[in-house]
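Numbering (UniProt numbering), first residue to last: 1 to 355.
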């Protein structure tokens, strides 16, 4: 609409209006809308100034007093269905949470971690284990993320973009954003709804990941799960209580192969190794006994990944180990030193140092 058309109709283009009521009276379909500005109303058919279409009978049926409505412009008005189809582009229909028999609510806060952007690394993101038990085919399971808005400036600017990602897992923590069954699009609204569809009968387990465009400041949020079948949801806690970080440099003319020494004095340690470098290179890490051992076979991450990779070791025996770091860049070898960071987390105390 042009500005002249806006003024003539009393509407605001690209503006969202709330639907307060929908009625049908003797075949006449009417909607009661509200401009969230609480002023500026529709000027067409069935507006407060329309004395032709507002009959005494219709006014009584809808309990609508034309004289009183003209006194104060509160942004609330009636509009007929045909006019609404002419002047509005989209109608969004709310869903009723009461339709779901099973519900759960978690209130939480996301404090920024080492990773500001989660395009390659979701290790710092809040994660939740979702276990679904469905006796029927295709149950409805919806997960709703709501970001809390506590200041006027946040409401006015709304600069935070949020979403939900969901992966089919054993319910544990994941570190790389691969193979999501739901890969959400980050949007700057307070709510994001993710739906799990086409689920088969039986038990299904997922990891739900809260995501935002940039993790620069703390956000408070609520995670709600609605389901037509039984489920359980709980935060996925970090199983590693000890952490060490070392920086390194891959020298020019090489393709990596920098090593670190890790020593454990306890049996059956759980270990997580993270290797991070510039996003334009591809990295790989591995672990092997410092001397040949029948107790532990060498492991590595396999494929080279852009910028960051993770390696989980479910059970590490007592002893000394060598952690390898490698990179590739394609056809060319860097002419300048390439910095990287190795972070080791463990369930037990360990020692971590350069070779």
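Idealized CB from N, CA, C, for every residue including glycine.
query                                                                                            : result
Beta strand (DSSP E) runs wholly inside the segment 36-84, at least 3 long, in chain order       : 76-80
Span of the beta strand (DSSP E), counted from its first residue to its last, around residue 152 : Not the beta strand (DSSP E): residue 152 falls in the alpha helix (DSSP H), residues 152-157.
Whole-angstrom distance between residue 215 and residue 227, CA atom to CA atom                  : 30 Å
Residue 224 - containing beta strand (DSSP E), residue span                                      : 219-227
Rounded straight-line distance, which links the Cα of residue 148 to that of residue 172         : 26 Å
Whole beta strand (DSSP E) elements within the segment 105-139, 3-residue minimum                : 127-134
Cβ shell of residue 101 (< 7 Å), same chain only, five flanking positions each side left out     : 228
Rounded C-alpha distance that separates residue 401 from residue 161                             : Residue 401 cannot be examined here, being either before or after the span of the chain that is shown, 1 to 355.
Pair within 8 Å by beta-carbon distance, residue 307 and residue 337                             : no
At least 3 beta-carbon pairs within less than 8 Å: the segment 175-188 vs the segment 228-238    : no
Opposing strand residues paired with residue 162 [DSSP bridges]                                  : 187, 212
Simplified DSSP assignment, three categories, for residue 168                                    : strand
Three-state secondary structure (DSSP) of residue 197                                            : coil
Coarse secondary structure for residue 258, derived from DSSP in three states                    : strand
When 194, 136, 40, 132 are compared against residue 170, the one with the closest alpha-carbon   : 132
Rounded separation between residue 187 and residue 276 - CA only                                 : 28 Å
Residues that residue 29 bridges to, as DSSP identifies them                                     : 24
Per DSSP, the bridge partner or partners of residue 250                                          : 338
CA-to-CA distance, residue 98 to residue 23, given in whole angstroms                            : 22 Å
Reduced DSSP secondary structure (H/G/I, E/B, other) of residue 86                               : helix
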